[in-house]
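Okay, structure first, notes after.
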């Protein structure tokens with residue numbers, strides 16, 4: 025019904041939905057929690073400074089609302105971080121690479137190996153401490169179609185990059 | 162030519178005319194980014210701004226003059242046996258070598274200043290990422306020609322060589338084409354009548370911007386008056402200013418109309434679209450002649466669109482989207498205004514060989530999109546602004562009338578959205594006042610993305626996005642099963658394909 029003039033039997037095509045997704049390293053969740061907490065502590069610090077150095081009176085209800093909003097957003101962000109971690113995943117197939125992400129707005133991006141321009145492994149200072157790396161995959165399709173897979177344990181990221189580069193090289197021969 | 166070729170090996174500067182050209186370019190940039198300031202200034206001429214404006218003006222002129230002088234005196238280039246070497250910059254020095262075999266096109270362009278001084282700008286376009294092309298801003302004809310032949314002599318094939326020769330003959334200063342090749346077939350030669358049609362149907366959005374600034378200024382003026390004058394006189398003034406405002410608005414519309422008409426004539430005068438075996442070349446312009454080309458294999462997807470006025474004339478604007486890095490995207494898209502359907506079909510057939518509508522199966526998007534558009538563009542803004550106004554006056558209720566208007570247009574949008582799939586590509590048509598269409602071959606696809614909002618997840622819908630090196634093509638609000646089946650198929654097609662996407 026989908027492609028009437030197509031001689032190929034669509035049911036025989038490999039289906040991405042059947043592919044199991046690999047999840048990110050659990051220490052990436054720790055790093056994310058840490059980042060969220062630090063951010064909210066900074067916000068709390070700024071708010072407290074304003075509270076004590078303000079030259080005008082702040083009504084009690086304003087303080088109450090501010091603290092509740094801060095608490096709500098903090099808990100929400102922690103929940104979001106948790107969900108985000110568990111919904112992210114990637115899959116390596118013979119001919120393409122898939123990355124899934126998003127809590128509310130979910131997206132699944134697939135880049136075939138024969139369209140990859142180059143692959144890069146990156147590591148920030150915090151990531152280094154936790155032994156994590158991120159894998160960046162670039163295609164010619166512009167910024168929106170590049171993949172950025174965070175939270176890979178060191179060896180895994182290098183392994184993936186080498187695998188992908190080998191696949192890309194094979195295609196070019 | 163041999164006598165000059167030895168001189169080409171020596172390091173040289175551009176023609177001194179380059180100083181004027183750089184200066185002019187800087188002014189254009191300044192005016193383009195700062196025109197709202199000027200408009201604002203002319204509307205409310207308050208003395209407190211005058212000082213700043215003058216200061217900024219003098220500063221800008223001084224800085225641009227110094228900048229263009231530095232830019233001229235620090236730019237050197239020379240030719241070696243296999244490459245062009247260039248260095249520039251005073252503090253940030255740049256050295257660059259451009260190997261001849263990387264050079265894709267050598268083109269000459271002239272704007273009005275070039276014409277006055279009888280010089281040309283030489284553009285060397287290379288394959289690769291951004292910042293890899295070189296423009297020598299002013300050179301005498303003979304020198305530019307010598308450089309061109311020097312490079313061509315050392316480079317066996319130059320893909321778009323014949324296209325340049327077509328352009329040069331037009332530029333008023335005929336030069337001898339170095340390699341005689343037959344010029345491409347003229348696909349489109351814009352007549353004066355069609356040129357005027359394009360001008361009339363231009364998007365007059367710029368008018369709106371100027372008008373808003375203008376009305377803003379007037380309202381401030383009115384407020385000042387209101388605070389000064391007595392009650393009885395206000396009504397007279399109000400009536401008087403109403404007449405003035407109406408007249409001004411009409412005058413502005415007329416002026417803006419003629420301005421964009423003039424702009425169109427300057428930009429698209431004598432527009433020609435040439436088709437050759439290698440690709441397309443477009444040349445246009447009354448004073449500033451622009452030449453742009455696109456090779457067949459670099460074209461990633463085609464788009465064409467019109468607006469209600471263009472639709473009345475039966476013309477479209479065609480976009481040939483070429484592979485380029487993100488920074489260059491705008492520049493790389495070949496825009497062909499004033500195309501008739503027959504010309505679009507000719508370009509389409511060369512991009513999508515043996516295009517046949519019967520090979521495609523056509524689909525609509527989900528009707529649920531209407532509800533979403535009404536919610537986000539109709540109900541939410543109407544309620545938001547409605548509640549703000551209702552606190553002041555019951556007239557706020559009138560804003561609810563916005564909702565059926567949005568519903569009406571959302572219906573049209575939904576009804577017109579069609580996409581057609583074949584084993585080789587996708588073809589889509591949409592639009593609500595005008596028409597838009599796009600066509601994409603599967604092997605041009607770089608990556609495939611399936612996106613779902615919370616609402617789409619509840620309704621088992623998805624948005625499917627194909628990225629290419631020339632831009633994206635999106636199918637919104639299609640069923641999830643359709644999106645997944647299509648994704649799996651396109652991946653299969655891309656991964657199996659042996660055609661080079663570029």
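Protein chains in written order, with this note's numbering: chain A, 25 to 197; chain B, 162 to 663. Glycine residues also receive a C-beta, built at the ideal position from the N, C-alpha and C atoms. As the structure is a prediction and not an experimental result, all values here were calculated from the model.
(request) Find the residues of chain A that neighbour residue 649(B), judging by a C-beta separation of less than 9 Å, and give them in chain order. (result) For the purposes of this step, residue 649(B) is taken as residue 488 along the second chain, with counting starting at 1. Within 9 Å Cβ-Cβ: 34, 37, 38, 39, 40, 41.
(message) Can you tell me whether residue 39(A) is buried or exposed? The criterion is at least 16 other CB atoms within 10 Å of its CB, across all chains shown.
(response) Here residue 39(A) refers to the residue found at position 15 when the first chain is read from its first residue. Its Cβ having fewer than 16 others within 10 Å, residue 39(A) is exposed.
(message) Here's the rule I'm using: 16 or more other beta-carbon atoms within 10 Å means buried, otherwise exposed. How should residue 616(B) be labelled?
(response) As a first step, residue 616(B) must be located in the second chain, where it is residue number 455. Exposed is the call here.
(request) Measure the C-alpha to C-alpha separation of residue 419(B) and residue 194(B) and round it to an integer number of angstroms. (result) Locating residue 419(B) in the second chain gives position 258, where the first residue counts as 1. Locating residue 194(B) in the second chain gives position 33, where the first residue counts as 1. Cα to Cα, residue 419(B) sits roughly 22 Å from residue 194(B).
(request) Rank 306(B), 444(B), 657(B) by C-alpha distance to the C-alpha of residue 603(B) and give the top, closest one. (result) The residue labelled residue 603(B) in the question sits at position 442 within the second chain. Nearest option by C-alpha distance: 657(B).
(message) Going by C-alpha to C-alpha distance, which of 518(B), 176(B), 218(B) sits closest to residue 300(B)?
(response) Walking along the second chain from the start, residue 300(B) turns up at place 139. That would be 176(B), whose Cα lies nearest to the Cα of residue 300(B).
(message) Can you check whether the C-beta of residue 197(B) is within less than 8 Å of a C-beta belonging to chain A?
(response) The residue labelled residue 197(B) in the question sits at position 36 within the second chain. Closer than 8 Å: no.
(message) Quick check: is the beta carbon of residue 653(B) nearer than 8 Å to any beta carbon in chain A?
(response) Translated into the one-based positions of the second chain, residue 653(B) becomes position 492. At least one chain A Cβ lies under 8 Å of residue 653(B).
(request) Inspect the CB distances between the region 442-462 of chain B and the region 266-280 of chain B and report whether three or more fall short of 8 Å. (result) yes
(request) Give me the Cβ distance between residue 596(B) and residue 348(B), rounded to the nearest whole Å; I'm assuming they're in contact under 8 Å. (result) Position 435 of the second chain, counting from 1, holds the residue named residue 596(B). Position 187 of the second chain, counting from 1, holds the residue named residue 348(B). Their Cβ separation, rounded to whole angstroms, is 21 Å, which puts residue 596(B) and residue 348(B) out of contact at 8 Å.
(message) Would residue 147(A) and residue 47(A) qualify as a contact pair, given that the criterion is a beta-carbon distance under 8 Å?
(response) The count along the first chain starts at 1 and reaches residue 147(A) at position 123. The count along the first chain starts at 1 and reaches residue 47(A) at position 23. Contact: no.
(request) Return no unless some Cβ of chain B is closer than 8 Å to the Cβ of residue 136(A). (result) Taking the first chain and counting its residues from 1, the one referred to as residue 136(A) is at position 112. With 8 Å as the cut-off, residue 136(A) counts as an interface residue toward chain B.
(request) Along the alpha helix (DSSP H) that carries residue 274(B), what are the first and last residues, could you check? (result) Residue 274(B) sits at position 113 when you count from the first residue of the second chain. From DSSP, the alpha helix (DSSP H) with residue 274(B) extends over 273-278.
(message) Is residue 577(B) close to chain A? Criterion is C-beta to C-beta, closer than 8 Å.
(response) If you number the second chain from 1, residue 577(B) lands on position 416. With 8 Å as the cut-off, residue 577(B) does not count as an interface residue toward chain A.
(message) Just to make sure I have the definition right: I need the residues of chain A whose C-beta is within less than 7 Å of the C-beta of residue 608(B). Which are they?
(response) The residue given as residue 608(B) occupies position 447 in the second chain. The answer, in chain order, is 133, 134, 135, 139, 163, 165, 169.
(message) Going by DSSP, what residue range makes up the alpha helix (DSSP H) through residue 472(B)?
(response) By one-based count along the second chain, residue 472(B) stands at place 311. Unbroken alpha helix (DSSP H) run through residue 472(B): 469-474.
(message) By alpha-carbon positions, which one of 594(B), 233(B), 640(B) ends up nearest to residue 467(B)?
(response) Here residue 467(B) refers to the residue found at position 306 of the second chain. Of the candidates 594(B), 233(B), 640(B), the one whose C-alpha sits nearest the C-alpha of residue 467(B) is 594(B).
(request) Could you check what DSSP says for residue 39(A) in three-state terms: helix, strand or coil? (result) By 1-based counting over the first chain, the position of residue 39(A) is 15. Here residue 39(A) sits in coil by DSSP.
(message) Tell me which residues of the region 110-128 of chain A have at least one Cβ-Cβ distance to chain B shorter than 7 Å, keeping chain order.
(response) 119, 120, 128
(request) List the residues of chain A whose Cβ lies closer than 7 Å to the Cβ of residue 656(B), in chain order. (result) Counting from 1 along the second chain, the entry for residue 656(B) is found at position 495. Near residue 656(B) (Cβ distances below 7 Å), the residues of chain A are 119, 120, 136, 138.
(message) Using 8 Å as the threshold, is the C-beta distance between residue 589(B) and residue 575(B) below it?
(response) Locating residue 589(B) in the second chain gives position 428, where the first residue counts as 1. Locating residue 575(B) in the second chain gives position 414, where the first residue counts as 1. Against a cut-off of 8 Å, the Cβ pair of residue 575(B) and residue 589(B) comes out as no contact.
(request) Would you kindly work out how many angstroms separate the C-alpha atoms of residue 635(B) and residue 610(B), rounded to a whole number? (result) Reading the second chain from its first residue, position 474 is the one you call residue 635(B). Reading the second chain from its first residue, position 449 is the one you call residue 610(B). So the two alpha carbons sit approximately 9 Å from each other.
(message) Assess contact between the region 168-184 of chain A and the region 113-130 of chain A, defined as three or more Cβ pairs (one per stretch) separated by less than 8 Å. Is contact present?
(response) yes
(request) Give every residue of the same chain whose Cβ lies closer than 8 Å to the Cβ of residue 363(B), excluding the five residues on either side of it in the sequence, and list them in chain order. (result) In the second chain, counting from the first residue as 1, residue 363(B) sits at position 202. For residue 363(B), where only same-chain residues beyond five positions count, the Cβ hits under 8 Å are 421, 422, 424, 425.
(request) Kindly indicate if chain A contains any beta-carbon less than 8 Å away from that of residue 629(B). (result) As a first step, residue 629(B) must be located in the second chain, where it is residue number 468. Taking Cβ atoms only, chain A reaches closer than 8 Å to residue 629(B), which makes this a yes.
(request) Taking only the alpha-carbon atoms, compute the straight-line gap between residue 550(B) and residue 542(B) and give it to the nearest angstrom. (result) For the purposes of this step, residue 550(B) is taken as residue 389 along the second chain, with counting starting at 1. For the purposes of this step, residue 542(B) is taken as residue 381 along the second chain, with counting starting at 1. Roughly 12 Å between the two C-alpha positions.
(request) List the residues that DSSP assigns as beta-bridge partners of residue 445(B). (result) Residue numbering aside, residue 445(B) sits at position 284 when the second chain is read from its first letter. In DSSP, residue 445(B) forms a bridge with 451(B).
(request) Could you tell me the boundaries of the beta strand (DSSP E) in which residue 75(A) lies? (result) By one-based count along the first chain, residue 75(A) stands at place 51. Note, residue 75(A): premise wrong, no beta strand (DSSP E); alpha helix (DSSP H) at 50-77.
(message) Against chain A, which members of the region 460-485 of chain B pass a CB distance test of less than 7 Å?
(response) 484
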